[in-house]
Amino acid sequence: MEAALSEAPERLTGTAASLQRIQALVLRHLCLLFSSWARLVEIVYWPTMQMLLWGFITVFLTTRTDWLAQAAGTLLSGLLLWEVLYRSQLGVNLALLEEIWARNLATLFVSPLRPWEMIAAMLTVAGIRVAIGTGAAAALAWPLYHYDIFTLGWSLLPFLAALMIMGWSIGLMVASLLLRVGLGAEGLAWAAIFVLQPISGIYYPIEVLPGWLQPVAWVLPSAHIFEGMRQVLIDGTIPWRHLAWAFALDGVLVVMAAVAFTRATRAARRDGRLLASGE
Numbered sequence: 088m089e090a091a092l093s094e095a096p097e098r099l100t101g102t103a104a105s106l107q108r109i110q111a112l113v114l115r116h117l118c119l120l121f122s123s124w125a126r127l128v129e130i131v132y133w134p135t136m137q138m139l140l141w142g143f144i145t146v147f148l149t150t151r152t153d154w155l156a157q158a159a160g161t162l163l164s165g166l167l168l169w170e171v172l173y174r175s176q177l178g179v180n181l182a183l184l185e186e187i188w189a190r191n192l193a194t195l196f197v198s199p200l201r202p203w204e205m206i207a208a209m210l211t212v213a214g215i216r217v218a219i220g221t222g223a224a225a226a227l228a229w230p231l232y233h234y235d236i237f238t239l240g241w242s243l244l245p246f247l248a249a250l251m252i253m254g255w256s257i258g259l260m261v262a263s264l265l266l267r268v269g270l271g272a273e274g275l276a277w278a279a280i281f282v283l284q285p286i287s288g289i290y291y292p293i294e295v296l297p298g299w300l301q302p303v304a305w306v307l308p309s310a311h312i313f314e315g316m317r318q319v320l321i322d323g324t325i326p327w328r329h330l331a332w333a334f335a336l337d338g339v340l341v342v343m344a345a346v347a348f349t350r351a352t353r354a355a356r357r358d359g360r361l362l363a364s365g366e
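In case it helps, our numbering puts the sequence shown at residues 88 to 366.
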């Protein structure tokens, strides 16, 4: 007995014990970090996106300083329309995440609720979020900067519609991934759409992008909307061509999103992931 006690490891105290506890907690979080590709991507994601966005803005401002003088409010218009796109996507994902956090998905899917009814509800909630959030920002833009988003005229309505459809579609695609992967992909709800920000031409024309990147940008509905926005502000003409392309590309995204979400809900039901969706 005495031999066993004498061989017991010495108990650490004071600073050594504190360092050991700190090391254990750091090791735990490192294990969580390196066990999830989503967390690893998120570490480099935001700095990279900010660098790309502001890099292109810098290139634009240093080479086309006369351009901004032709269209007062271009940057604010781009910002407000981008918020419509972002909030549309985020609203869809937050509606689903609220159910996941509350462990309520299984309850919903054993009810008579159909997938398309759930989609309709999430899109409605997202639309309300957009109206409240972006509406408040647009209202503040006038007393602070004497800018009125309605200077875009009737073109504003199709701009808003096209951006909301795109945001909803991307939101449903991210929601599909959440149903398949769970909360390990939660960060994508906030980050996914920002990968499109540098190539959407929010604050600068698409021609500012490198030549090899411009064809990629033109397959995004958002690129056509923001180019159309600048056409309205500078030339005062309705960008019918850009609007046609934006809604056509939105149609493709809608089909992709509907298929992805429907398959994800079926797979989640089949594999029993709805019961574990809050973990």
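Backbone N, C-alpha and C define an ideal beta-carbon position, used for all residues, glycine too.
Treat the numbers as computed from the prediction; the structure is a model and nothing was measured.
- Within the stretch 292-364, the runs of alpha helix (DSSP H) that reach at least 4 residues and sit entirely inside it are, in chain order, 301-304, 308-322 and 327-358.
- The three-state reading of DSSP puts Asn191 in coil, since its state is none of H, G, I, E or B.
- Here DSSP, grouped into helix, strand and coil, assigns His116 to helix.
- The three-state reading of DSSP puts Leu140 in helix, counting H, G and I together.
- By the C-beta density criterion, Tyr290 is buried, having at least 16 other C-beta atoms within 10 angstroms.
- Out of Leu265, Ala218 and Asn191, the CA that lies nearest to the CA of Tyr173 is found in Ala218.
- In the three-state DSSP reduction, Pro245 falls in the helix class (H, G or I).
- A distance below 7 Å between beta-carbons, with the five flanking residues on each side excluded, links Leu183 to the following residues of its chain, in chain order: Met209, Ala262 and Leu265.
- Sequence-distant partners of Arg328 (beyond 5 residues in either direction) whose C-beta falls short of 6 Å from its own C-beta are missing from its chain.
- Rounded to the nearest angstrom, the Cβ distance from Ile286 to Leu300 is 6 Å, consistent with a contact under 8 Å.
- One thing to note: Val171 has its Cβ within 8 Å of the Cβ of Thr221.
- By the criterion of a C-beta distance shorter than 7 Å, Val306 is surrounded in its chain by Leu336, once the five residues flanking it on both sides are discounted.
- In the three-state scheme derived from DSSP, where H, G and I count as helix and E and B as strand, Val197 is classed as coil.
- Straight-line measurement puts the Cα of Leu140 at about 16 Å from the Cα of Thr150.
- Rounded to whole angstroms, the separation of the alpha carbons of Val113 and Thr238 is 53 Å.
- The C-beta distance from Phe348 to Pro202 rounds to 7 Å, short enough to meet the 8 Å contact threshold.
- The continuous alpha helix (DSSP H) containing Ile215 extends over residues Pro202 to Tyr232.
- The Cβ atoms of Met253 and Ser309 lie closer than 8 Å to each other.
- Rounded to the nearest whole angstrom, the CA to CA distance from Gly288 to Ala355 is 37 Å.
- Contact check for Leu259 against Ala207 fails: the beta carbons are separated by 8 Å or more.
- In the structure shown, Glu170 falls within a helical segment according to DSSP collapsed to helix, strand and coil.
- In the DSSP assignment, Ala276 falls within the alpha helix (DSSP H) that extends over Leu275 to Ala278.
- Leu162 sits away from Leu250, with the two beta carbons spaced by 8 Å or more.
- Secondary structure at Ile286: coil, using DSSP grouped into helix, strand and coil.
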